[in-house]
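See below for the structure under consideration.
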Amino acid sequence: MIVFTFLIYYSISSANGIDINPNEKSDITYYNASKAQLIVDKLCDSWNLGIYAGDFCGILCAKNWTLVDYFEGGNKKVFKIHMNGADIIVKMQHPFMDQYDLQLDFNSASDEQFMDMVLDIVNDHLRLDWPRRYKKHLIRKLWPNYKDGLKLKESEKRSIWTLIQQNEYINQAVLQMSRVTPKILGVCGHSYQSEQLIPFRMKPYYLNLKAKILVHLMGTLKLFL
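For reference, each letter of the sequence shown is one residue, going -17 to -1, 1 to 208 in mature numbering (1 follows the signal peptide of the UniProt record, and there is no 0).
This is the structure we're talking about:
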């Protein structure tokens, strides 16, 4: 019951695509086509140069789509693009690669060392205290293309590293099996394709409970995942 309550809470808090603190005035900027195009161009340049990786890069960088909407506010940037009769939602916290912490030497860090660091970051965020033996399972949740026995490429490590600096990505990737949180449908560098949810409004009173609910419930989730 507690886990179910958390999942409902998370679904509510993320349904609109932008996290809103009811005590703060939201500054949301809508539709900036030139900035949206610049963000995609930079992402695709990094992918073409082998700096970034991701199963969504080929689709995004083919550019056989039409930009429907782009807005930024709260703690994320959100694209809506239209392709083959369907809308696709693309999210990221920061628009450009140099806005993420990339001081780690991805070439020299072994897979085991890298996975240990990823596990520490996720444990710190979700307060789950998963043991080291869980790290490969966690990587498969964060990076579904990972296969046991295959070494992670430098571009994959860099992409994973930027993604786990985004709390919403961690939440959605780890809790995907709940069928309540939006699914991660693909990634490209620091951007990710998210399942589209129908937005709705909540009263400020319920939104104010967000932090308190999270503190009490995240520790309990480790018993069920």
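Where a beta carbon is used, it is the ideal one built from N, C-alpha and C, also for glycine.
### Query
In its own chain, which residues sit with a C-beta less than 8 Å from the C-beta of Tyr53, not counting the 5 before and 5 after it?
The residue labelled residue 53 in the question sits at position 70 within the sequence shown. Shown here for Tyr53: same chain residues with a beta carbon closer than 8 Å to its own, the five before and five after excluded, namely Tyr13, Tyr14, Asn15, Ala16, Lys18, Ala19, Lys60, Val61, Phe62 and Lys63 in chain order.
### Task
Specify, as a first and last residue, the run of the alpha helix (DSSP H) that Lys136 falls within.
Within the sequence shown, numbered from 1, the residue matching residue 136 stands at position 153. No alpha helix (DSSP H) contains Lys136, which DSSP labels as neither H nor E.
### Query
How is the alpha helix (DSSP H) around Ala92 delimited, first residue to last?
Mapped onto the sequence shown, residue 92 falls at position 109. Here Ala92 belongs to no alpha helix (DSSP H), and DSSP marks it neither H nor E.
### Message
From the DSSP secondary-structure annotation, give me the bridge partner or partners of Leu146.
### Response
Taking the first residue of the sequence shown as 1, we reach residue 146 at position 163. DSSP output for Leu146 lists no bridge partner at all.
### Per-residue DSSP class, three states only, for Ile34
Stepping through the sequence shown from its first residue, residue 34 is reached at position 51. Coil at Ile34, not helix or strand.
### Task
Give the straight-line distance between the Cα atoms of Ser29 and Arg141, rounded to the nearest whole angstrom.
Residue numbering aside, residue 29 sits at position 46 when the sequence shown is read from its first letter. Residue numbering aside, residue 141 sits at position 158 when the sequence shown is read from its first letter. Pairing Ser29 with Arg141, the inter-Cα distance amounts to about 11 Å.
### Task
Going by CA-CA distance only, name the one from Val101, Gly169 and Cys27 that's closest to Lys119.
As a working mapping, residue 119 is identified with position 136 in the sequence shown. Closest by alpha carbon: Val101.
### Message
Considering only their Cβ atoms, is the gap separating Asn154 from Thr164 smaller than 9 Å?
### Response
Here residue 164 refers to the residue found at position 181 of the sequence shown. Here residue 154 refers to the residue found at position 171 of the sequence shown. Yes; because the gap between Cβ atoms is below 9 Å, this pair is in contact.
### Task
Measure the alpha-carbon distance for Tyr152 versus Asn47 and round it to whole angstroms.
The count along the sequence shown starts at 1 and reaches residue 152 at position 169. The count along the sequence shown starts at 1 and reaches residue 47 at position 64. One C-alpha to the other measures close to 25 Å.
#### Entry: Span separating the alpha-carbon of His65 from that of Ile147
Position 82 of the sequence shown, counting from 1, holds the residue named residue 65. Position 164 of the sequence shown, counting from 1, holds the residue named residue 147. Across the structure, His65 and Ile147 are spaced so that their CA atoms are roughly 27 Å apart.
### Spatially closest choice to Asp84 from Gly169, Ile42, Gly37 and His173, by CA coordinates
Translated into positions along the sequence shown, residue 84 becomes position 101. The option with the nearest alpha carbon to Asp84 is His173.
### Query
How about Pro78 and Ile22: are their beta carbons less than 9 Å apart?
What you label residue 78 is simply residue 95 of the sequence shown in a count that begins at 1. What you label residue 22 is simply residue 39 of the sequence shown in a count that begins at 1. Their beta carbons are under 9 Å apart, which means Pro78 touches Ile22 by this criterion.
### Task
Return helix, strand or coil for His65, following the three-state DSSP convention.
Taking the first residue of the sequence shown as position 1, residue 65 is located at position 82. The answer is strand: DSSP assigns His65 an E or B state.
### Query
Taking DSSP as the reference, what is the three-state secondary structure of Gln179?
Position 196 of the sequence shown holds residue 179. The three-state secondary structure of Gln179, taken from DSSP, is coil.
### Task
Check Tyr117 in the structure and name its three-state DSSP category.
In the sequence shown, counting from the first residue as 1, residue 117 sits at position 134. Tyr117 falls in the helix class under three-state DSSP.
### Residue range of the unbroken beta strand (DSSP E) whose run includes Gly57
Mapped onto the sequence shown, residue 57 falls at position 74. Element bounds for Gly57: n/a, residue is neither H nor E.
#### Entry: Per-residue burial, residue 240 [other beta carbons within 10 Å of its own, 16 or more giving buried]
With the chain covering -17 to 208 only, the question about residue 240 has no answer from this structure.
### 8 Å CB neighbourhood of Leu121 in its chain, flanking five on each side removed
Within the sequence shown, the letter at position 138 stands for residue 121. Excluding residues up to 5 positions away in sequence, Met98, Val101, Leu102, Val105, Trp113 and Val157 lie with their Cβ nearer than 8 Å to the Cβ of Leu121 in the same chain.
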